[in-house]
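Protein chains in written order, with this note's numbering: chain V, 37 to 534; chain S, 37 to 534.
Some notes on the structure that comes next.
Structure follows, in structure tokens:
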């Protein structure tokens with residue numbers, strides 16, 4: 037019996053996914069268990085897997101299959117797969133082979149250069165590699181083509197359809213509405229936060245975090261958590277979606293909220309129909325911004341809400357009787373929602389966070405359009421922090437060297453961090469309509485009710501709809517910043533008595 | 037500047053190595069950290085990497101490079117690389133693409149079938165897959181071709197040049213010399229072993245084992261140890277050679293000797309000139325038997341010797357004062373060298389061990405030549421155990437299901453386990469001539485002196501010589517079983533007063 041064209045297409049996509057997933061395993065290992073001297077060849081190995089995955093995707097044979105399979109008797113989902121793959125294929129085919137290899141090789145050395153630069157707090161160490169990367173990204177924008185702005189071409193990888201025009205619009209709202217609100221908050225007396233920096237043994241932190249992650253519905257039979265210098269979520273296939281964690285023994289927030297965040301990503305991946313749709317658009321996440329909406333929903337809209345701590349603080353207090361003996365649930369809730377300008381994006385509160393993202397966006401846009409050179413980044417960075425957050429980094433390590441993204445060539449990624457938060461506010465609003473008992477479910481730990489809604493309304497669709505379409509299905513309209521502003525005003529207005 | 041043909045050849049071999057090493061990482065993860073549900077797709081991912089590594093190796097382009105590069109101005113080592121690669125290439129090219137894919141797919145499901153069969157103690161679960169594998173291995177022998185026996189074609193992968201004729205000769209010596217000696221030993225009173233089964237906390241076991249592994253010269257900056265159901269050593273590239281360990285809290289031997297054994301493999305890998313010769317014959321281990329000679333040298337010739345425990349027992353006793361309070365170094369030495377028939381190969385003493393290997397060899401040879409069918413394996417296995425060791429397995433789990441090898445298609449591998457021991461006796465004899473203070477160095481922990489000798493006489497050569505050539509360089513002749521018999525008679529004759 038001969039295989040259908042669709043089956044052959046699916047098989048080839050599975051091969052591409054195998055190579056990508058192998059890369060994900062090597063990258064995970066690099067950040068969790070790899071011994072020091074392994075670094076030298078790991079970059080090259082990752083580059084090979086990346087190049088081969090690309091080569092296996094842009095095969096002429098796959099192009100023909102994509103065309104001929106459309107004539108077969110297909111389900112709706114199968115048609116969606118072919119349509120989106122065709123679009124991806126046309127896009128990836130534009131890359132000359134040499135470009136792919138060069139990019140893979142340059143970024144292979146990017147991580148260690150960035151890492152050394154950050155450790156030694158010396159941007160100059162990273163600068164030559166970053167210059168090469170920026171040069172390649174500018175070239176990439178030209179290769180891919182764009183209607184209005186070269187940065188549009190790069191964002192397409194992370195959030196299909198997103199443009200500088202749209203991002204500028206959203207950040208105009210951020211500047212006009214969120215920043216003034218922020219200013220009002222910062223003029224108010226601070227919440228009590230002394231207890232956040234008390235002693236919390238690592239093991240006990242993870243014991244509680246794990247319990248909460250499990251309660252959300254994250255399946256440890258199909259995942260696990262390991263320590264790594266930076267928390268992230270990674271997928272090796274259906275049944276293997278992992279998160280990484282880190283802990284500071286005298287800063288409670290570091291592990292807990294990152295664990296919830298990464299588990300939020302994990303729930304999305306575990307909820308995708310990946311087993312049946314392995315390597316195919318229907319089995320893949322819609323976009324990075326939607327991914328971020330899931331992680332930030334659980335981290336902020338759920339785990340930084342008052343009902344969450346009304347419900348869970350007693351248990352936390354029992355775990356850390358010494359450090360939390362003089363703290364109430366209400367104080368804890370306010371403490372973990374302290375709004376305060378800071379240098380490190382991943383530790384920022386959910387309001388100042390968007391200034392961090394905005395600054396990176398401005399830098400990336402300027403680098404790609406050529407109005408800023410790499411050598412100017414540190415100064416530009418520090419000036420913007422002073423302008424938007426009123427603080428100036430004392431070093432590049434707490435300034436422009438803090439994020440790993442540029443080292444592996446990710447340009448166009450950062451805006452999705454803010455969009456994710458804005459989406460999640462819109463998603464919460466929609467969910468509250470469908471589940472009026474939302475607050476009570478959160479308080480009593482009935483997370484499966486929320487997860488079910490996310491599964492049915494978001495996860496199950498894979499890449500079937502684009503972000504605007506899916507948001508419209510869920511909430512009646514595409515992205516509206518007002519959802520986030522309403523959420524922020526209500527929550528923080530109440531905390532800070534505004 | 038254009039690259040030389042040799043450079044292009046080296047680059048392509050690097051790509052093949054990247055894919056193989058990626059497979060090694062995925063396989064390591066499968067056995068150490070992978071969550072339960074990851075199993076479903078991991079087999080497929082490994083099959084893809086294996087198939088792609090094969091495809092990248094048998095490229096016509098590589099064939100041309102191998103021919104044209106020989107005309108360039110090359111070093112001796114470069115010539116060796118080309119010559120051996122050419123041989124490998126001709127061999128691998130014989131495999132039809134469909135065969136490679138079929139083998140990869142069948143063995144992809146082999147591990148889980150074997151695992152389930154062993155867990156449920158039911159050979160029937162594994163039988164259909166094993167039948168398929170044996171059928172493919174018979175086919176493989178035909179594809180590869182052979183002069184005398186189809187099994188020769190399969191052993192070639194593990195020990196180049198090895199033949200059934202040679203193995204039969206060696207095992208005739210084993211049967212005529214070792215087995216009668218074994219019988220004499222078994223008639224003698226047993227050494228005291230009660231203390232081996234006392235309580236040894238896992239963490240403290242590893243603390244001591246790690247110290248000893250480090251003392252041997254194993255570099256933890258370029259390696260690490262993780263827990264896995266079975267101990268093994270695996271290489272991901274220069275600077276990343278890992279071992280796995282396991283522990284039983286009431287059986288001291290389980291972790292310690294396996295850790296030393298795997299670290300012995302690790303020292304060989306860490307001693308290969310892999311950095312300069314990545315993916316090339318000169319940077320690769322000579323053969324599996326030579327690999328095993330290194331692991332068993334450290335495990336048996338060193339760590340089961342009297343001087344070793346005279347030197348190290350006091351420290352061990354300090355670590356486990358309760359469990360070892362009434363034990364002397366001499367008693368400990370004799371205890372860890374107890375000779376006793378048992379069912380599990382990896383737990384066997386260094387004499388009965390060869391009966392275990394011999395039985396597997398007989399089965400494999402018979403399966404491949406077609407004189408035995410898979411369904412007959414359990415009965416055949418149990419009959420041979422009764423014949424050679426005087427004991428009969430009560431279940432297939434402690435019988436023919438104990439080894440994982442067949443599940444991934446390894447036929448021809450087992451004989452190298454015995455050859456490795458025989459080589460290591462011959463190596464020890466040569467080393468003693470060069471280092472007359474051998475016993476004192478072992479007693480005082482001067483392992484770097486032994487390691488230096490191994491590095492200079494074995495590791496550094498990669499695949500430059502074949503086993504017979506290298507043994508001859510080291511000891512003046514190819515394999516002679518008499519070295520092992522002399523070693524055994526001296527050591528065990530003395531322990532058992534024979």
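Positions of the beta carbon are idealized from the N, C-alpha and C atoms, including for glycine.
Problem - Distance CB(residue 510 of chain V)-CB(residue 463 of chain V) smaller than 8 Å - result: yes
Practice task
Determine, using beta carbons only, whether residue 238 of chain V comes closer than 8 Å to chain S.
Solution key: no
Handout entry: Option nearest residue 165 of chain S by Cα separation, candidates S:519, S:213, S:437 and S:455
Key = S:437
Exercise for the section: Measure from the C-beta of residue 94 of chain V to each C-beta in chain S and report whether the shortest distance is under 8 Å. Expected result: no
Problem - Residues near residue 75 of chain V in its chain [Cβ-Cβ closer than 8 Å; skip 5 each side] - result: 66 and 148
Handout entry: Residue-chain proximity (residue 273 of chain V, chain S), Cβ-Cβ < 8 Å
Key = yes
Practice task
Would you kindly work out how many angstroms separate the C-alpha atoms of residue 162 of chain V and residue 146 of chain V, rounded to a whole number?
Solution key: 8 Å
Practice task
Under 8 Å Cβ to Cβ from residue 159 of chain V, same chain only, skipping five residues before and after it: list those, please.
Solution key: 153, 413, 414, 432, 436 and 437
Exercise for the section: Quick one: give me the first and last residue of the beta strand (DSSP E) that residue 59 of chain V is part of. Expected result: That residue, residue 59 of chain V, is in no beta strand (DSSP E); its alpha helix (DSSP H) goes 41 to 68.
Handout entry: Coil, strand or helix - residue 140 of chain V by DSSP
Key = helix
Exercise for the section: Anything in chain V within Cβ reach of residue 51 of chain S, meaning under 7 Å, just list it in chain order. Expected result: 84
Problem - Where residue 48 of chain S falls, given that 16 or more other Cβ within 10 Å makes a residue buried - result: buried
Exercise for the section: Within its chain, find whatever has a CB closer than 6 Å to the CB of residue 424 of chain V; leave out the 5 residues flanking it on each side and keep chain order. Expected result: 391
Handout entry: Alpha-carbon to alpha-carbon, residue 360 of chain S and residue 227 of chain S
Key = 16 Å
Problem - Start and end residues, alpha helix (DSSP H) containing residue 228 of chain V - result: First-last for residue 228 of chain V: undefined, no H or E at that position.
Practice task
Compare the beta carbon distance of residue 28 of chain V and residue 397 of chain V with 8 Å and say whether it is the shorter of the two.
Solution key: The requested residue 28 of chain V is not part of the displayed model; chain V covers only 37 to 534.
Exercise for the section: Can you have a look at residue 256 of chain V and say buried or exposed, based on whether 16 or more other CB atoms are within 10 angstroms of its CB? Expected result: exposed
Practice task
Could you tell me whether the Cβ of residue 394 of chain S comes closer than 8 Å to any Cβ of chain V?
Solution key: no
Problem - Touch test, the segment 303 to 318 of chain S against the segment 340 to 355 of chain S, Cβ-Cβ under 8 Å, three pairs minimum - result: no
Exercise for the section: Counting only the same chain and skipping the five closest in sequence on each side, list residues whose C-beta sits under 7 Å from that of residue 287 of chain V. Expected result: 232 and 233
Problem - Residues in the segment 240 to 260 of chain V having any Cβ partner in chain S nearer than 7 Å - result: 256, 257, 258, 259 and 260
Problem - Whole-angstrom C-beta distance between residue 459 of chain V and residue 378 of chain V, which should lie under 8 Å - result: Incorrect: roughly 24 Å between the Cβ atoms, too far for contact.
Problem - Chain-ordered neighbours of residue 81 of chain V on chain S, where CB pairs are closer than 9 Å - result: 53, 54, 55, 57, 58, 61, 272 and 273
Problem - Bounding residues of the beta strand (DSSP E) (the contiguous stretch that carries residue 262 of chain S) - result: 261 to 263
Practice task
Anything in chain S within Cβ reach of residue 421 of chain V, meaning under 7 Å, just list it in chain order.
Solution key: Neighbours of residue 421 of chain V on chain S: none; closest Cβ ~38 Å, over 7 Å.
Problem - According to DSSP, residues forming a beta bridge with residue 232 of chain V - result: Residue 232 of chain V pairs with nothing; no bridge assigned.
Problem - Cross-chain neighbours of residue 76 of chain V in chain S, by beta carbon under 8 Å - result: 273, 274, 275 and 311
Exercise for the section: Using the Cα positions of residue 343 of chain V and residue 456 of chain V, report the straight-line distance between them to the nearest angstrom. Expected result: 22 Å
Practice task
Could you check what DSSP says for residue 456 of chain S in three-state terms: helix, strand or coil?
Solution key: helix
Handout entry: CB contact flag (residue 235 of chain V, residue 312 of chain V, <8 Å)
Key = no
Exercise for the section: Output yes if chain V places a C-beta closer than 8 Å to the C-beta of residue 73 of chain S; else output no. Expected result: yes
Handout entry: Proximity to residue 110 of chain S [Cα-Cα], best of S:88, S:167 and S:43
Key = S:43
Practice task
Using the Cα positions of residue 367 of chain S and residue 532 of chain S, report the straight-line distance between them to the nearest angstrom.
Solution key: 12 Å
Practice task
Note down, in chain order, each residue of its chain lying with its Cβ closer than 7 Å to the Cβ of residue 489 of chain V, except the 5 sequence neighbours on either side.
Solution key: 467, 470 and 471
Exercise for the section: Show which residues of chain V have a CB atom less than 7 Å away from the CB atom of residue 97 of chain S. Expected result: By Cβ distance, chain V contributes nothing, its closest Cβ being about 14 Å from residue 97 of chain S, past 7 Å.
Exercise for the section: Let me know if residue 411 of chain S comes out buried or exposed under the rule of 16 or more other beta-carbons within 10 Å of its beta-carbon. Expected result: exposed
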